[in-house]
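Visitor: One structure, pasted below without further comment.
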Amino acid sequence: MAGRSGGGRSPKVTLDREIFVDAALRLASRPHTLSLTYRDLGKEVGVDPTAVYRHFRSKESLMQELLDRILLISHAKVSTPVDQWEDCLTEFAAATLDTFLEFPAIAVTATSLTTGGQGELDCMELILDCFTQAGLHGQTLVKQYAVYGAYVLAGAAGQARDQAEAPDALSREWFTGPLLVDQERNPLVSSIRDQVLEIDRREIFLAGVQQIVHAAREKVPA
Numbered sequence: 001m002a003g004r005s006g007g008g009r010s011p012k013v014t015l016d017r018e019i020f021v022d023a024a025l026r027l028a029s030r031p032h033t034l035s036l037t038y039r040d041l042g043k044e045v046g047v048d049p050t051a052v053y054r055h056f057r058s059k060e061s062l063m064q065e066l067l068d069r070i071l072l073i074s075h076a077k078v079s080t081p082v083d084q085w086e087d088c089l090t091e092f093a094a095a096t097l098d099t100f101l102e103f104p105a106i107a108v109t110a111t112s113l114t115t116g117g118q119g120e121l122d123c124m125e126l127i128l129d130c131f132t133q134a135g136l137h138g139q140t141l142v143k144q145y146a147v148y149g150a151y152v153l154a155g156a157a158g159q160a161r162d163q164a165e166a167p168d169a170l171s172r173e174w175f176t177g178p179l180l181v182d183q184e185r186n187p188l189v190s191s192i193r194d195q196v197l198e199i200d201r202r203e204i205f206l207a208g209v210q211q212i213v214h215a216a217r218e219k220v221p222a
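Below you can see the structure in the form of structure tokens.
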């Protein structure tokens, strides 16, 4: 009869970067989570937090890896071919927003970190390919890419942060608060008060994307 090895202890887990990345993604997807700590990450994996440093030289390098991972997820959600460039860019923006809302603790770094990884490069390639299909090139292409990319990243990251901080995670209100207004002093605000309070933040985000996309057509050389 074979005996139990190791006195019945569980087999030791071999740690690698992927284990920590997977654990961080789980933590980042928890409701109302806007930050990740090595302590929480170590606890999630079941090891001392110092073990994380053996795989990531700094907190910034960890967040770069995580941000690049969710950019890969966003890119993988796009199915529209680039020759349908307007629809493709709209779908990519929606996919980025959905992914960022799923991982707000990572998404909030999108406006301050450059990953240099494959996820970032694939997203850049997709955007540039779409605008090239539209007929843009040279400096016009670069500027249009920058405007679109900055808007999508900032808008999606901002919504992810707001949703994580909101008591009601399912709320999609663009304007929060009662919007008390003096009709005589601010007659225009007063006249659209109800409509402002009804604005859906996802719809307004995508409306901005569509304006940027439509503006690209105006820049195509005759």
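Those letters in the sequence shown? Residues 1 to 222, per the numbering used here, in order.
Don't be surprised by glycine CBs; every beta carbon is placed ideally from N, CA and C.
1. If you pair each beta-carbon of the region 186-197 with each one of the region 75-83, do three or more pairs fall below 8 Å?
2. List the endpoints of the continuous alpha helix (DSSP H) containing A166.
3. Exposed or buried, what is Y53 when buried is set at 16 or more other beta-carbons lying within 10 Å of its beta-carbon?
4. Does the region 137-151 touch the region 96-107, meaning 3 or more C-beta pairs lie closer than 8 Å?
5. Between V189 and Q159, what straight-line distance do the alpha-carbon atoms span, to the nearest angstrom?
6. What did DSSP end up calling D16 once you bin it into helix, strand or coil?
7. Alpha carbon to alpha carbon, how far is F131 from Q84? Give it in angstroms, no decimals.
8. State yes or no: is the C-beta of T90 within less than 9 Å of the C-beta of A157?
9. When you compare each of A166, C123, L34, V181 to R69 by their alpha carbons, which one comes out closest?
10. Report back the beta-carbon spacing between A23 and V45 to the nearest angstrom; my notes put them in contact at under 8 Å.
11. Can you tell me which of the three DSSP states D200 falls into?
12. Beta carbon of G119, beta carbon of L72: below 9 Å?
Guide: Put simply:
1. no
2. Stepping through the sequence shown from its first residue, residue 166 is reached at position 166. That residue, A166, is in no alpha helix (DSSP H); it is neither H nor E in DSSP.
3. As a position in the sequence shown, residue 53 is number 53, starting the count at 1. Answer is exposed; the Cβ neighbour count stays below 16.
4. no
5. Here residue 189 corresponds to residue number 189 of the sequence shown, with the count starting at 1. Here residue 159 corresponds to residue number 159 of the sequence shown, with the count starting at 1. So the alpha carbons of these two residues sit roughly 23 Å apart.
6. Start at 1 with the first residue of the sequence shown, and residue 16 comes out as number 16. Coil.
7. Translated into the one-based positions of the sequence shown, residue 84 becomes position 84. Translated into the one-based positions of the sequence shown, residue 131 becomes position 131. The straight-line gap from Cα to Cα measures roughly 10 Å.
8. Stepping through the sequence shown from its first residue, residue 90 is reached at position 90. Stepping through the sequence shown from its first residue, residue 157 is reached at position 157. The answer is no: Cβ separation not under 9 Å.
9. Stepping through the sequence shown from its first residue, residue 69 is reached at position 69. Checked all of A166, C123, L34, V181; the closest Cα to R69 is C123.
10. Counting from one through the sequence shown, the residue named residue 23 turns up at place 23. Counting from one through the sequence shown, the residue named residue 45 turns up at place 45. About 5 Å; that satisfies the 8 Å criterion.
11. As a working note, residue 200 is residue 200 in the sequence shown. Looking at D200 - three-state DSSP - the assignment turns out to be strand.
12. The count along the sequence shown starts at 1 and reaches residue 119 at position 119. The count along the sequence shown starts at 1 and reaches residue 72 at position 72. Result yes, Cβ atoms of G119 and L72 sit closer than 9 Å.
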